[in-house]
Every structure is written in C-alpha cells, then in structure tokens.
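Since the structure comes first, as structure tokens, the remarks are kept for the end.
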Ligand code: RAM
C-alpha cells in the first residue's frame with residue numbers, strides 16, 4: 001500500500017497569515033501521493049485556540065465532523081465568530097479512496113483589527129507639505145518607551161497614508177516594501193500586522209518610522225503630486241503582552257517626535273536624493289538625544305475603511321549584476337559611466353562608492369541606448385527616474401533608495417569619484433510576492449526567450465497593482481491591460497490574492513452609473529469614469545479568470561452586485577444593443593489599441609462600436625454563467641437572453657450573409673469567432689477571410705491589444721493551427737518574435753517599438769516593458785504544451801491536457817502548481833515517435849488528448865493505453881485518442 005500525506009495548508013491562499021479580516025476564511029490543503037487514482041473521499045477539520053488543543057482535540061472552536069466530500073480547496077470555516085486579534089490553529093484529516101487516513105501538520109491564521117474602535121492610535125506626521133510639483137524631505141518619526149518585564153507577545157498594527165518603513169531598536173520590521181500598498185486612499189487603506197517579539201527587549205526601546213510620499217502624495221502618472229492628500233501620515237499601534245501578564249499598547253500620538261534627515265526627496269517616478277552627511281546615527285535606537293526633534297502633528301482620521309492587506313506585498317527578489325564593465329563617455333562637464341544589466345527590470349540599484357564627503361553621484365536609469373551608446377531616456381517622458389547619493393566620506397559606502405522604483409536595463413553614473421568597477425552597481429529586482437507557479441519551455445530558443453520576456457514583463461508590472469508599464473510617468477493599473485494578461489499571469493505565478501485585492505480596487509473605482517474605469521485604483525489622472533470596451537470589461541473578466549484558475553467562487557459572489565450594475569449600465573448606455581454606437585455621447589473606448597493594421601490610427605481600424613458590442617455580448621454571457629454558478633438561476637436566464645439579443649444585434653449590424661465581418665479587420669473576425677457571435681454556418685467563411693487576410697500580409701497579424709490575445713486561440717479552434725504557429729514563428733514585425741530578434745528581454749508596448757528603418761517609435765508612448773502582448777503566454781501553456789482548465793470543474797479540479805504540436809517544434813514542456821498540486825505536460829518527438837509525460841495532481845482528474853493518427857498504437861508506460869491503470873478510453877477521431885485519467889504520472893507513446 002502506498003502512503004499518502006496531507007499538507008500545504010492555506011488560509012485565504014496564504015500560509016499562516018498574520019492579520020486577516022475575512023470573517024469566514026476559506027481553508028485549502030493538498031494531498032501528496034504518487035499513487036494513480038489518489039483522491040480524497042472525506043475530510044475533517046478541527047480548529048482550536050492552540051496547537052496543543054488541536055492535537056488533543058479539546059477546547060475546539062470548530063469540528064467539521066467527517067464530511068464525505070472530495071473537496072480540498074476553499075472549505076469555509078464554520079466555527080464560532082472570529083474576534084479581533086484571535087489566532088486559530090487548525091489541521092485537517094483526509095481519507096483517501098482506500099479509506100486510509102492522513103493527518104496534516106497544524107497551521108494557523110490570526111485575525112487583524114476588525115473594528116474601527118480597536119484602533120486607539122492617532123494619525124501623525126510632520127508639518128511640511130510641498131506642492132503640486134515640489135517635493136519635501138522624508139520625515140523621520142520616533143518614540144521611545146520602556147518595558148518593565150520580558151515580552152511574551154507583541155504585534156505591530158501599522159499603516160500610512162503614503163509609505164512607511166518601520167524599525168524597532170534599529171531593526172527593520174518585516175521585509176515588505178511600499179507598504180501599505182496602493183488603494184484609493186479616499187475609500188480604503190490597508191494595514192499590515194507584524195509579530196515583533198524578537199525586536200523588543202525589557203528596558204528601553206525605540207520605534208522609528210520613515211515616511212515616504214508614495215502614491216498617496218507623490219507624483220502619480222502625469223498628474224503631479226498630492227492626488228489623494230497633501231503629506232504622508234502614520235498610524236501605528238504596538239500591542240505588547242509581558243511575562244508578568246501586563247499589557248501595554250504603544251500608539252502613534254502626540255508624544256512622538258520628528259525630524260528631517262538624509263532623505264531629501266523621494267518620489268516613485270522621479271527618484272530619491274539622499275545626503276549621507278545628514279544621517280542621524282542611532283536615531284532609531286535607545287539613548288539617542290532627540291531634544292532637537294519636534295513634536296509631531298496630529299491629523300483627523302481619513303474617512304476611509306481600514307482593511308487588512310489582501311494581496312501579496314512587494315518584496316525584493318533577485319539581484320542582477322552588470323554584464324561587463326561600464327562604458328565611459330567623457331566630456332568637459334563630467335564622465336558618464338553606462339552599465340548594462342543585461343535584463344530590463346524593475347527596482348533600483350545598490351551603489352558602492354568610496355570618495356570625499358559631499359561628492360554627489362547621480363544615478364540615471366534607462367531601458368535602451370542611443371546609437372552612440374549613451375542612455376535613451378526620451379520614452380520616460382517626464383519621469384526623471386534619477387537618484388542622487390551624496391557621500392558621507394568614510395570608507396566604502398553602500399546605498400539603496402527606499403521609496404522609489406525604476407524600470408531599466410541600463411544605469412548611468414555621473415559624478416562618480418574615480419573609476420567605478422563592475423561592482424559599483426547591482427540591480428535589485430522588486431515585485432509583488434506572487435509565488436511562481438508555472439514553467440514553460442520548448443525546443444525553440446527564440447520561443448523560450450519570448451517566455452522569459454513574458455515572465456519579466458509580469459515581474460516588472462505586478463507591483464502592488466497590475467500596471468501598464470514601470471518606467472515612464474504612467475505606471476497605472478490600466479484595466480484593459482490587466483484583463484488581457486490575467487490568464488497568462490495565472491500560469492506564471494499564483495496571482496489569486498493579488499487579483500483579490502485589485503478586483504476590490506476596481507469595484508472601489510466603479511462609477512455611480514456602474515461603469516468600470518480605465519485605471520484602478522483611480523488616481524485622478526483623467527476625467528474618464530468609463531474605461532470603454534475591453535477596458536471596463538475587466539470588472540467581469542478578471543474575477544471570472546480567477547474563478548477559472550483557482551476555483552474561487554467567493555470572488556464572483558463578492559463582486560456580483562457590482563458586476564450586475566455594470567451590465568445594467570451597458571444595457572442603459574447601448575442603443576438597440578449596440579454599445580458605443582457612432583454618435584454615442586460618452587467615451588467610445590480605446591479601440592484595438594496599438595494595432596498596426598494599416599489604418600494609420602493608434603486605435604486601429606476596427607470600429608469601436610463593433611468592439612463594444614462584441615464585449616457586451618461576451619460579458620453578458622459570462623454573467624449568465626456566473627449567475628448560474630452562484631445559484632441565481634433567474635438572473636442566469638435573463639443574462640442568457642441578453643447575450644442572445646446582443647449577439648443578434650451584432651450579426652444584424654456587422655455580419656454579411658457571406659460571413660464577412662464589417663471593416664474586414666483581423667480583430668473584427670477574431671472577436672466574432674472567439675465570442676461565438678456568428679451563426680455556425682458562417683464560421684468557416686469568417687475563418688477563411690481571417691486566414692486570407694493574415695496571408696495577404698505575408699503571414700502577419702494586424703491586431704492590437706484587443707484582438708491579439710484571442711488570435712491564436714481562434715485559429716487553433718478553427719483548425720488553422722498551422723497558421724497560429726506560422727504567426728508565432730514570424731520574425732518580422734508585427735510579431736511576437738520580432739522584439740526577441742532585436743535582443744528584447746521584456747515585452748514591448750508596440751510591435752514596432754524600435755525598427756531598423758525608423759529607429760525608436762514615438763517617445764510619447766513607447767514602453768519596452770508592457771505586458772499586454774505577452775498574453776500569447778496562455779497559448780504556449782494551454783495549446784503548445786497542453787495544460788488547460790475545465791470551466792465546468794474550475795481551479796484545475798479537472799484538467800484538460802491537450803498538447804497540439806506544430807511549427808516544427810520537437811519538444812515542449814509545461815509545469816503548473818495548481819491548487820491541488822503540480823501538473824505536468826511534457827512532450828517530445830524523436831524519429832517520428834511521440835512521447836508524452838503527464839502528471840495529474842492528487843484529487844484531480846484529467847482528459848488527455850493524445851495526438852495519434854488513426855491506426856497508430858497508443859501506449860502508456862509500455863502497454864496498450866486502454867489497459868493501463870488509471871486510464872479510461874473515451875473516444876477517438878482521425879487525429880486524437882482521448883482518455884480520462886485519474887491522478888498520477890503517465891508516459892504515453894505513439895508510433
Ligand atoms: C496607454 C497605457 C495602456 C493602455 C492605454 C489605453 O497609456 O500604457 O497600456 O491601456 O494607454
């Protein structure tokens with residue numbers, strides 16, 4: 001008998017989360033077994049106030065009893081009502097299909113501060129405010145306090161309007177960056193919770209905080225400063241229990257003092273200036289004389305909800321070293337040293353320098369080089385992206401900024417004393433800590449580089465919110481871009497909690513009329529409240545995608561009323577079901593953004609009303625499915641009817657009897673086909689027209705942000721896999737591989753961001769790190785390698801394993817950490833023999849499509865596939881043999 005174990009316990013996607021405010025948290029676990037057919041038949045969860053209680057099964061807060069279900073994800077806690085600060089320990093027993101039982105290790109979660117009245121701290125800060133375009137130095141805040149007994153338990157509840165970096169007795173609290181994260185601070189402010197017991201000691205202690213402007217009052221996009229408020233403010237509450245049973249709460253209040261120190265300015269877009277001569281050694285340690293510091297100011301609490309952090313915080317990840325020594329550009333003014341890090345990235349550099357006190361080193365950042373090798377910064381627009389470090393003048397100095405980030409591959413130092421060596425600069429990569437889940441590779445090095453670029457586009461733009469780009473004066477949570485990329489993102493990394501947080505930002509940004517905006521969080525950068533077709537629709541597409549990939553029905557439930565308001569808004573604002581009709585008085589959308597379809601327009605030649613109506617139909621249909629999932633059958637029927645009507649309106653308006661779609665653009669055909677808007681008999685003609693257009697352009701796509709993501713899927717579904725691969729392998733622009741052939745290390749915003757003939761595209765809008773076109777990634781995973789979800793059993797409860805080799809590839813492999821465990825699909829072709837290794841995670845099943853021409857023998861681990869354990873023959877057609885698989889590892893061979 002093979003053993004199985006149960007583990008990987010998660011609460012709301014997180015391992016032992018400290019400080020959540022979900023009052024009915026969901027619990028998930030995994031079964032581990034190599035046995036074919038391993039599955040859960042029953043579970044029992046017990047929860048108690050301590051790990052010992054859980055082990056002894058006493059004082060239970062909840063005993064689910066034995067539940068005869070195979071469910072192992074998102075099981076809702078149904079114990080007693082959870083209080084602020086309560087910690088709950090839990091474990092699960094699981095029974096497998098043979099009746100064996102396994103017991104998990106004990107896990108826990110801890111509640112944050114659930115009521116406003118739990119906060120006794122006050123909002124504090126310094127008096128300087130700066131202006132719309134003028135920055136201020138970062139205030140340093142401190143407070144000392146004494147503990148009369150050893151500490152038993154200590155929690156810090158902390159947030160800011162702006163950014164905070166907190167230390168206790170000189171040691172940094174936690175590893176999170178850019179906390180408390182970006183929300184619409186007028187509505188919602190997140191707080192963080194830390195266990196700080198190891199930082200405290202009996203006797204004198206000091207808590208010290210540096211405040212940064214961040215998104216709250218620093219520059220956001222092109223809007224200047226102070227978009228949410230005038231200056232940074234802190235709210236902190238340290239709650240301590242001592243060994244003698246006494247409790248002490250140390251809060252931010254009038255007794256704190258502030259001073260300005262070495263951080264002269266710090267702005268997310270423009271950079272940080274630091275004068276090490278102004279450091280205040282020991283400022284965050286006991287014994288420091290703060291008599292010259294001033295009492296802080298007190299501020300009224302903002303009229304916003306204080307909520308626990310939902311998403312993963314931003315963390316440091318890898319470090320990147322220059323690929324070689326810097327190139328020197330000497331002039332009479334200064335010598336500029338240009339380093340190449342070899343990778344377009346997001347974060348900052350750690351500077352190493354030695355020299356006289358008062359010397360200022362200027363650090364500039366760029367994504368590209370001019371032909372003469374100097375840095376190209378025109379595409380940063382007004383973002384200065386420049387750090388300054390002024391030396392203390394003592395030995396080797398090492399410095400990193402703390403409240404800014406840059407998007408760059410090249411670093412320019414000027415004012416550097418002497419000649420910098422290669423170690424003068426190290427790139428520090430930061431992004432939201434979304435755990436990596438996916439791997440994709442294949443036999444073609446250019447495609448592997450494309451996958452690399454997609455992943456780096458994701459790392460670079462998942463910085464608390466999904467941004468369009470990380471370098472210029474923009475860096476906004478563009479809804480269209482997020483919608484386009486979310487599915488790919490969910491392959492590469494676990495983005496469930498990242499999007500749980502951001503879909504709330506989206507709802508917070510919904511207009512009173514029901515429209516979703518072009519960017520979330522709202523940042524006051526445009527008067528637009530409606531993002532228009534394919535942008536606003538993120539409000540439905542994103543929660544739906546998280547449901548598909550993680551089985552998260554609660555996210556749908558949470559946003560259901562908001563999504564309903566959106567659909568009603570579309571119904572009201574369309575005319576005869578045509579959305580964004582020609583003389584529509586509101587915003588008609590961004591069109592097929594950045595399509596190079598020969599129309600010469602930035603939004604492509606596909607009519608906005610056509611795009612609008614297609615997405616209206618798509619969202620109505622998704623809503624009908626969502627309503628059914630949530631058990632709202634009447635709504636489901638109503639949205640289904642709505643879908644039918646919009647589809648009818650689409651056909652009447654845009655489709656000829658010969659299957660031509662108005663405007664004859666690729667995107668028009670792609671939307672009509674992908675959203676299933678055409679009468680079945682017209683699909684072949686529409687597919688032919690699409691294929692003809694692609695060939696007429698010498699096998700090039702002409703799609704922009706809207707059409708591109710669906711294009712390969714449409715071709716695959718229509719039996720034109722050959723053409724999908726031909727486009728994938730196309731190396732001249734517009735194509736995915738063109739930037740790769742030009743040495744790109746991330747995804748470009750534009751198909752022609754740089755070309756031999758024209759050089760750089762319009763610097764007004766030319767990012768080299770924009771993930772939207774990286775949406776091809778989902779096709780690589782799902783079609784080339786062959787791992788896909790089944791909407792009927794989401795979260796990879798049932799997997800669709802369907803590799804579709806082509807394009808001359810001889811091998812491809814994908815692996816994916818699903819909620820249930822690791823899935824693998826890896827195929828190779830040698831000497832006409834097809835070998836396919838798959839892994840189906842425990843407690844899941846799969847449908848496997850083995851590419852096998854009629855008559856070819858399909859084997860699994862050497863024997864006839866139909867006879868293999870765990871394999872059930874389903875059906876066969878000319879090209880494929882279809883099997884149903886239980887959990888386990890399999891090796892299929894054909895030929
Ligand atoms: C650009 C952004 C984004 C796009 C919008 C319409 O400014 O970079 O990618 O969604 O425009």
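Residue numbers (the UniProt record's numbering): 1 to 895. Every residue gets a Cβ at the ideal spot worked out from N, C-alpha and C, and that includes glycine. Since the model is a prediction, treat every value here as computed from it, not as a measurement.
Residue 309 versus residue 347 - alpha carbon distance
Here residue 309 is taken as the residue at index 309 of the chain shown, counted from 1. Here residue 347 is taken as the residue at index 347 of the chain shown, counted from 1. Residue 309 and residue 347: Cα-Cα distance of roughly 22 Å.
Does the distance from the C-beta atom of residue 900 to that of residue 796 stay below 8 Å?
Any answer about residue 900 is impossible in this case: the structure gives the chain only from 1 up to 895.
Does the beta-carbon distance from residue 12 to residue 25 come in below 8 Å?
Counted from its first residue, the chain shown places residue 12 at position 12. Counted from its first residue, the chain shown places residue 25 at position 25. Going by C-beta atoms, residue 12 is nearer than 8 Å to residue 25.
Taking residue 736 as the reference, give the member of 761, 762, 700 with the closest Cα.
Indexing the chain shown from 1 puts residue 736 at position 736. With distances taken between Cα atoms, residue 736 lies closest to 700.
Are there three or more Cβ pairs, one per stretch, closer than 8 Å when the stretch 413-422 is compared with the stretch 319-335?
yes
Per-residue DSSP class, three states only, for residue 1:
By 1-based counting over the chain shown, the position of residue 1 is 1. Below a pLDDT of 50, predicted positions are generally treated as unreliable, and residue 1, at 48, falls in that range; the measurement from the model is reported next regardless. Note: residue 1 maps to coil in three-state DSSP.
Rounded to whole angstroms, how far is the Cβ of residue 179 from the Cβ of residue 460, which I believe are closer than 8 Å?
As a first step, residue 179 must be located in the chain shown, where it is residue number 179. As a first step, residue 460 must be located in the chain shown, where it is residue number 460. No, residue 179 and residue 460 are not in contact; Cβ-Cβ is about 20 Å, not under 8 Å.
May I ask you to check if the CB of residue 772 is nearer than 7 Å to at least one heavy atom of the ligand RAM?
In the chain shown, counting from the first residue as 1, residue 772 sits at position 772. Yes, the beta carbon of residue 772 sits closer than 7 Å to at least one heavy atom of the ligand RAM.
Selection from 434, 540, 517, 523 that minimises the alpha carbon distance to residue 530:
As a working note, residue 530 is residue 530 in the chain shown. The shortest C-alpha separation from residue 530 is found at 517.
Touching by the beta-carbon criterion (3+ pairs, under 8 Å), the stretch 57-72 and the stretch 41-48
yes
Buried versus exposed, by CB contacts within 10 Å (16 or more), residue 623:
To locate residue 623, count along the chain shown from 1; it is residue 623. By the neighbour-count rule (16 or more Cβ atoms within 10 Å), residue 623 is buried.
For the ligand RAM, is there a heavy atom less than 7 Å away from the beta-carbon of residue 474?
In the chain shown, the residue the question calls residue 474 occupies position 474. It does: the Cβ of residue 474 is within 7 Å (strictly closer) of some heavy atom of the ligand RAM.
Quick one: grab the DSSP three-state call for residue 469.
As a working mapping, residue 469 is identified with position 469 in the chain shown. Residue state, collapsed to three classes: coil.
Span of the beta strand (DSSP E) holding residue 250?
As a working note, residue 250 is residue 250 in the chain shown. Run containing residue 250: 247-251, per the beta strand (DSSP E) assignment.
When you compare each of 333, 366, 388 to residue 359 by their alpha carbons, which one comes out closest?
Walking along the chain shown from the start, residue 359 turns up at place 359. Residue 359 has its Cα closest to that of 388, out of 333, 366, 388.
Does DSSP put residue 667 in a helix, a strand or coil?
The residue labelled residue 667 in the question sits at position 667 within the chain shown. Three-state result, residue 667: helix.
Which of the three DSSP states is assigned to residue 233 in this structure?
Mapped onto the chain shown, residue 233 falls at position 233. Looking at residue 233 - three-state DSSP - the assignment turns out to be strand.
Straight-line gap, residue 533 to residue 554 (C-alpha atoms, nearest Å):
As a first step, residue 533 must be located in the chain shown, where it is residue number 533. As a first step, residue 554 must be located in the chain shown, where it is residue number 554. Residue 533 and residue 554: Cα-Cα distance of roughly 25 Å.
What would DSSP say about residue 389, mapped onto helix, strand or coil?
Looking up residue 389 in the chain shown gives position 389. The answer is strand: DSSP assigns residue 389 an E or B state.
If you drop the 5 nearest sequence neighbours on each side, which residues of the same chain put their C-beta closer than 6 Å to that of residue 513?
Here residue 513 corresponds to residue number 513 of the chain shown, with the count starting at 1. The residues are 569.
Helix, strand or coil for residue 577 per DSSP?
In the chain shown, the residue the question calls residue 577 occupies position 577. Note: residue 577 maps to coil in three-state DSSP.
Taking the C-alpha atoms as reference points, what is the distance between residue 301 and residue 343?
The residue you call residue 301 lines up with position 301 of the chain shown. The residue you call residue 343 lines up with position 343 of the chain shown. About 43 Å.
Does the Cβ-Cβ distance between residue 589 and residue 612 come in under 8 Å?
Here residue 589 corresponds to residue number 589 of the chain shown, with the count starting at 1. Here residue 612 corresponds to residue number 612 of the chain shown, with the count starting at 1. Going by C-beta atoms, residue 589 is nearer than 8 Å to residue 612.
Contact check, residue 685 vs residue 650, beta carbons under 8 Å
On the chain shown, position 685 is the one that residue 685 refers to. On the chain shown, position 650 is the one that residue 650 refers to. Not a contact, by the Cβ cut-off of 8 Å.
Can you list, in chain order, the residues of its chain whose CB lies under 8 Å from that of residue 56, leaving out five sequence neighbours each side?
Position 56 of the chain shown, counting from 1, holds the residue named residue 56. Cβ neighbours of residue 56 beyond the five flanking positions: none.
Is residue 211 near residue 232, with beta carbons less than 8 Å apart?
Numbered from 1 along the chain shown, position 211 holds the residue referred to as residue 211. Numbered from 1 along the chain shown, position 232 holds the residue referred to as residue 232. Yes, the pair counts as a contact, with Cβ atoms nearer than the cut-off.
With DSSP as the reference, identify every bridge partner of residue 794, one or two as the case may be.
Position 794 of the chain shown, counted from the first residue, corresponds to residue 794. Bridge partners of residue 794: none, in fact.
Status (buried if at least 16 other CB within 10 Å, exposed otherwise) for residue 799:
As a position in the chain shown, residue 799 is number 799, starting the count at 1. Counting Cβ neighbours within 10 Å, residue 799 comes out buried, since at least 16 surround it.
Are residue 253 and residue 205 touching if we call contact CB-CB under 8 Å?
For the purposes of this step, residue 253 is taken as residue 253 along the chain shown, with counting starting at 1. For the purposes of this step, residue 205 is taken as residue 205 along the chain shown, with counting starting at 1. Against a cut-off of 8 Å, the Cβ pair of residue 205 and residue 253 comes out as no contact.
Between 350, 396, 411, 402, which has its C-alpha nearest residue 376's C-alpha?
Indexing the chain shown from 1 puts residue 376 at position 376. Ranking the options by Cα distance to residue 376, first place goes to 411.
Apply the 10 Å Cβ neighbour rule to residue 247 and answer buried if 16 or more other Cβ atoms are within range, or exposed otherwise.
Translated into positions along the chain shown, residue 247 becomes position 247. Flag for residue 247 reads exposed.
Coarse secondary structure for residue 530, derived from DSSP in three states
Residue mapping note: residue 530 aligns to position 530 of the chain shown, counting from 1. DSSP places residue 530 in coil when its eight states are reduced to three.
Count the C-beta pairs between the stretch 721-739 and the stretch 763-781 that are closer than 8 Å, then say yes if the count reaches three, no if not.
yes
Compare the C-alpha of residue 703 against each of 507, 601, 131, 788 and name the closest.
Along the chain shown, read from residue 1 onward, the residue named residue 703 stands at position 703. Residue 703 has its Cα closest to that of 601, out of 507, 601, 131, 788.
Between the CA atoms of residue 463 and residue 431 - distance to the nearest angstrom
Numbered from its first residue, the chain shown carries residue 431 at position 431. Numbered from its first residue, the chain shown carries residue 463 at position 463. Going from the Cα of residue 431 to the Cα of residue 463 covers about 5 Å.
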